[in-house]
Structure formats: structure tokens, C-alpha cells
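Take a look at the structure below.
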Amino acid sequence: MGREGTVGKTAVYDHFKEFKAGNESLSDKPRSGRSREVDRQAVLDRLEECPSLSSRMLGDEFDCDQKTILTIPKLPDQWLNVIDS
Numbered sequence: 000m001g002r003e004g005t006v007g008k009t010a011v012y013d014h015f016k017e018f019k020a021g022n023e024s025l026s027d028k029p030r031s032g033r034s035r036e037v038d039r040q041a042v043l044d045r046l047e048e049c050p051s052l053s054s055r056m057l058g059d060e061f062d063c064d065q066k067t068i069l070t071i072p073k074l075p076d077q078w079l080n081v082i083d084s
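The sequence shown runs contiguously to residue 84 in numbering that gives the first Met the number 0.
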């Protein structure tokens with residue numbers, strides 16, 4: 000890693016390669032795998048409908064990681080204490 004506020008050599012080479020190929024965007028490409036984003040209100044609504052759902056089950060239903068579900072604020076306290084098996 001370079002000094003603070005500088006870009007590493009590998010990053011420069013990677014960006015140069017992208018620019019040369021015609022991609023002038025500095026935005027990241029979409030990544031594969033499960034999304035880290037989830038509609039929090041939809042999760043809370045679903046949990047209100049069926050409070051017995053585990054974080055693992057909600058993660059599967061909303062196509063996100065179980066840990067993402069556990070980071071949602073305003074989850075009922077009694078639900079946060081449930082241990083998923």
C-alpha cells in the first residue's frame with residue numbers, strides 16, 4: 000500500500016487497462032453473490048407476519064446474508080435473542 004492519499008501501482012494499472020478497453024467509468028462493476036442491501040421495512044413487515052422466522056430463513060427469503068438481517072435496527076428485542084440452529 001502506498002502513502003496515505005496515494006493510489007497503489009496495481010490500481011493504476013487496472014484503471015489504465017479499463018480506460019484502454021474503452022471503459023471510462025470509475026464506478027465499480029456489479030459483484031456476484033448475495034446482496035448486502037435489503038428492504039429493511041419489508042423484513043420488519045414479514046417478521047411481524049411470522050415472528051417464528053429465523054434470521055437464516057429471512058436471509059434466504061430476501062436473498063441476503065443472515066448477518067445482514069441481524070444488522071437491521073428496530074428488530075424486536077425478543078427476536079434478537081433467538082439462537083438460530
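Every residue, glycine too, gets a C-beta built ideally from N, C-alpha and C.
Owing to the predicted nature of the structure, the values given are computational and were not obtained by experimental measurement.
Asked	Found
Close Cβ partners of residue 31 (< 6 Å) along its chain, the five nearest in sequence each way excluded	none
Alpha helix (DSSP H) runs contained entirely in the stretch 12-72, provided each spans 4 or more residues	39-48, 54-60, 65-69
C-beta neighbour in chain B for residue 27, strict 8 Å	Protein chain content of the structure displayed is limited to a single chain, and chain B is not contained in it.
Inter-residue spacing [alpha-carbon to alpha-carbon] between residue 24 and residue 9	17 Å
Rounded distance between the beta-carbons of residue 52 and residue 73, thought under 8 Å	About 16 Å; that fails the 8 Å criterion.
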